[in-house]
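2 protein chains.
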Amino acid sequence: MNRIDAILQQKSVRITPMRQLVLKHFLQEDAVLGLNELEETFQKSDRITIYRTLKTFEEKGIIHSIQNGVSEVKYALCKEHCEEQHHIDRHPHFHCLVCGSIECLESVLLPPTILPQGYSASEIKMNIKGRCKKCQG
Amino acid sequence: MNRIDAILQQKSVRITPMRQLVLKHFLQEDAVLGLNELEETFQKSDRITIYRTLKTFEEKGIIHSIQNGVSEVKYALCKEHCEEQHHIDRHPHFHCLVCGSIECLESVLLPPTILPQGYSASEIKMNIKGRCKKCQG
DNA sequence: CAATTCATGCAATGGTATTGCATTGTTAGC
DNA sequence: GCTAACAATGCAATACCATTGCATGAATTG
Ligand SMILES: [Mn+2]
Ligand SMILES: [Mn+2]
Ligand SMILES: [Zn+2]
Ligand SMILES: [Zn+2]
């Protein structure tokens, strides 16, 4: 069994052509992708099916969502060991205001945050806007 | 001059009935509010005018936006000294998954984040989901 | 007061997110 | 293998939310 199918199976996601296609693309590109880009890439495929594939992948812990607050929701592969309904993505997301690129800062660990008494967190997301490495100077 | 007008003037926002109304409401409620809620509150007012009031307030450093990724964009008063085009809100936002409330955790300071070499940040936002104080137990 | 700039109201549009439903494909019990 | 149950897909429709255009009215400035 190839890597694509292995991941799908391990995450309890039924193996279908569409899902193989999308997961393969994420693995190959290792990029942050949104519905529109994927629709462009897979022109023959139905937009809604891609949409539901993304939702399923997110739900099952294969990808995680990134909201930049400007355009549509983006997604990237979970590198850590995420499970169904339980993501443990402890890295911030960077949105370059110059070139528009969005990336996972995998190397940066989210610093521990002390919540006020009585609060408990199940998800913490950090979004950073600024200039990326390529757009500096 | 009253407090409302003083703030508007200090932030270089022309004083109008709509703006007085919205700012007064934010000050009174001290809450996180979205366009829909404000439209409900000011039923006689035009939705678009409220919309543009929020955009203006944000631009001028009177309120800051909060994206929970679920519903519409919410807004809250800037407590720190924000200026036009330059917000310095260094606190996370909490979204309770039980009661749905959204609040500014003013007491929590955003921990310093070390970016990878070559990156520079102009805005950092942290969004936390979980159970709020009221919904614990 | 005249010229200009700004705010408002209403209509229209753009874009993204989400659902309904009929059809097709897949799985699992018999 | 056959059939019932279940899941995925494709297409259409809808629901929201965000944003813009334009005509009108109000305020400001010199
Ligand atoms: Mn990421
Ligand atoms: Mn806040
Ligand atoms: Zn860049
Ligand atoms: Zn709560």
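As they're listed, the protein sequences go chains V and S. For what it's worth, this note's numbering labels the leading residue of the first sequence as 3, then goes sequentially. For what it's worth, this note's numbering labels the leading residue of the second sequence as 3, then goes sequentially. Idealized CB from N, CA, C, for every residue including glycine.
Can the beta-carbon of Ser124(S) be found closer than 8 Å to that of Leu10(V)?
The count along the second sequence starts at 1 and reaches residue 124(S) at position 122. The count along the first sequence starts at 1 and reaches residue 10(V) at position 8. No. Outside cutoff.
What residue does the beta strand (DSSP E) around Tyr53(S) start on, and which one ends it?
On the second sequence, position 51 is the one that residue 53(S) refers to. Per DSSP, Tyr53(S) belongs to no beta strand (DSSP E); it is in the alpha helix (DSSP H), 49-61.
Give me the Cα-Cα distance between Ile52(S) and Lys131(S), rounded to the nearest whole angstrom.
Here residue 52(S) refers to the residue found at position 50 when the second sequence is read from its first residue. Here residue 131(S) refers to the residue found at position 129 when the second sequence is read from its first residue. When rounded, the distance between both Cα atoms is 28 Å.
Alpha carbons only, please: which of Leu117(V), Ile116(V), Arg133(V), Leu25(V) is nearest the one belonging to Gln119(S)?
As a first step, residue 119(S) must be located in the second sequence, where it is residue number 117. Comparing Cα positions, the closest option is Arg133(V).
Please work out which residues of its chain come closer than 8 Å, Cβ to Cβ, to Arg21(V), disregarding the five sequence neighbours upstream and downstream, and give them in chain order.
By 1-based counting over the first sequence, the position of residue 21(V) is 19. Here the set comprises Leu10, Val15, Thr55, Thr58, Phe59.
Whose C-alpha, out of Glu105(S), Ala78(S), Leu35(S), Arg5(S), is nearest the C-alpha of His66(S)?
For this step, residue 66(S) is matched to residue 64 along the second sequence. The option with the nearest alpha carbon to His66(S) is Ala78(S).
Which partner residues of Cys98(V) appear in the DSSP bridge assignment?
Reading the first sequence from its first residue, position 96 is the one you call residue 98(V). Paired residue(s): Gly132(V).
Output the distance between the C-alpha atoms of Gly102(V) and Gln30(V), rounded to the nearest integer angstrom.
Within the first sequence, residue 102(V) is the residue found at index 100, counting from 1. Within the first sequence, residue 30(V) is the residue found at index 28, counting from 1. So the two alpha carbons sit approximately 21 Å from each other.
At a Cβ cut of 7 Å, what residues of the stretch 66-84 of chain V count as close to chain S, listed as they run along the chain?
Cβ contacts with chain S come from Gln69, Gly71.
Can you name the start and end residues of the beta strand (DSSP E) that Tyr66(V) belongs to?
Taking the first residue of the first sequence as position 1, residue 66(V) is located at position 64. Per the sequence shown, residue 66(V) should be read as His rather than Tyr. First-last of the beta strand (DSSP E) with His66(V): 65-68.
Pro19(S): buried (16+ other C-beta within 10 angstroms of its C-beta) or exposed?
The count along the second sequence starts at 1 and reaches residue 19(S) at position 17. So Pro19(S) ends up on the exposed side.
Determine the direct distance from the alpha carbon of His95(V) to that of Leu107(V), and round the result to whole angstroms.
Taking the first residue of the first sequence as 1, we reach residue 107(V) at position 105. Taking the first residue of the first sequence as 1, we reach residue 95(V) at position 93. Using only the alpha carbons, I get a separation of about 6 Å.
Under 9 Å Cβ-Cβ, which residues of chain V neighbour Leu117(S)?
The residue labelled residue 117(S) in the question sits at position 115 within the second sequence. Those are Pro94, Phe96, Leu107, Val110, Ile130, Gly132, listed as they occur along chain V.
Among Glu105(V), Gln138(V), Ser122(V), Thr115(V), which has the Cα closest to the Cα of Asn129(V)?
In the first sequence, counting from the first residue as 1, residue 129(V) sits at position 127. Taking only the C-alpha atoms, the option nearest Asn129(V) is Glu105(V).
Tell me whether Asn137(S), by its Cβ, gets closer than 7 Å to a heavy atom of ligand 4.
Here residue 137(S) is taken as the residue at index 135 of the second sequence, counted from 1. What sits at residue 137(S) in the sequence shown is Cys, not Asn. Yes - ligand 4 has a heavy atom lying nearer than 7 Å to the Cβ of Cys137(S).
Find the residues of chain V that neighbour Gly120(S), judging by a C-beta separation of less than 7 Å, and give them in chain order.
Within the second sequence, numbered from 1, the residue matching residue 120(S) stands at position 118. Within chain V, the residues near Gly120(S) are Lys135, Gln138.
Taking 7 Å as the limit between beta carbons, can you name the residues of its chain near Lys136(S), skipping five residues before and five after?
Taking the first residue of the second sequence as 1, we reach residue 136(S) at position 134. Closer than 7 Å at the Cβ level, and outside the excluded window around Lys136(S), lie Cys101.
Would you mind telling me which residues of chain V sit closer than 8 Å to Ile52(S), beta carbon to beta carbon, in chain order?
What you label residue 52(S) is simply residue 50 of the second sequence in a count that begins at 1. Simply none; closest approach about 20 Å.
CB of His27(V) to nearest heavy atom of ligand 2: below 7 Å?
Numbered from 1 along the first sequence, position 25 holds the residue referred to as residue 27(V). Checking the Cβ of His27(V) against ligand 2 gives no.
Using the Cα positions of Glu61(V) and Glu86(V), report the straight-line distance between them to the nearest angstrom.
The residue given as residue 61(V) occupies position 59 in the first sequence. The residue given as residue 86(V) occupies position 84 in the first sequence. Approximately 6 Å between the Cα atoms of the pair.
Please state whether DSSP places Ala123(S) in a helix, a strand or coil.
Residue 123(S) sits at position 121 when you count from the first residue of the second sequence. Strand.
Which residue's Cα is closest to the Cα of Asn70(V): Ile6(V), Gly36(V), Ile50(V)?
Stepping through the first sequence from its first residue, residue 70(V) is reached at position 68. Closest option to Asn70(V), Cα to Cα, is Gly36(V).
Provide the residue(s) that pair with Cys106(V) in DSSP beta bridges, ordered along the chain.
Counting from one through the first sequence, the residue named residue 106(V) turns up at place 104. Note: Cys106(V) sits in a beta bridge opposite His95(V).
With 16 as the cutoff for other CB atoms within 10 Å, does Lys26(S) come out buried or exposed?
If you number the second sequence from 1, residue 26(S) lands on position 24. Exposed is the call here.
From the beta carbon of Glu190(S), is the nearest beta carbon of chain V less than 8 Å away?
Residue 190(S) is absent from the structure shown; chain S starts at 3 and stops at 139.
Any chance you could list the residues with Cβ under 5 Å from a heavy atom of ligand 1, keeping chain order?
Cβ atoms closer than 5 Å to ligand 1 belong to Ala78(V), Cys106(V).
Three-state secondary structure (DSSP) at Leu25(S)?
Position 23 of the second sequence, counted from the first residue, corresponds to residue 25(S). The answer is helix: DSSP assigns Leu25(S) an H, G or I state.
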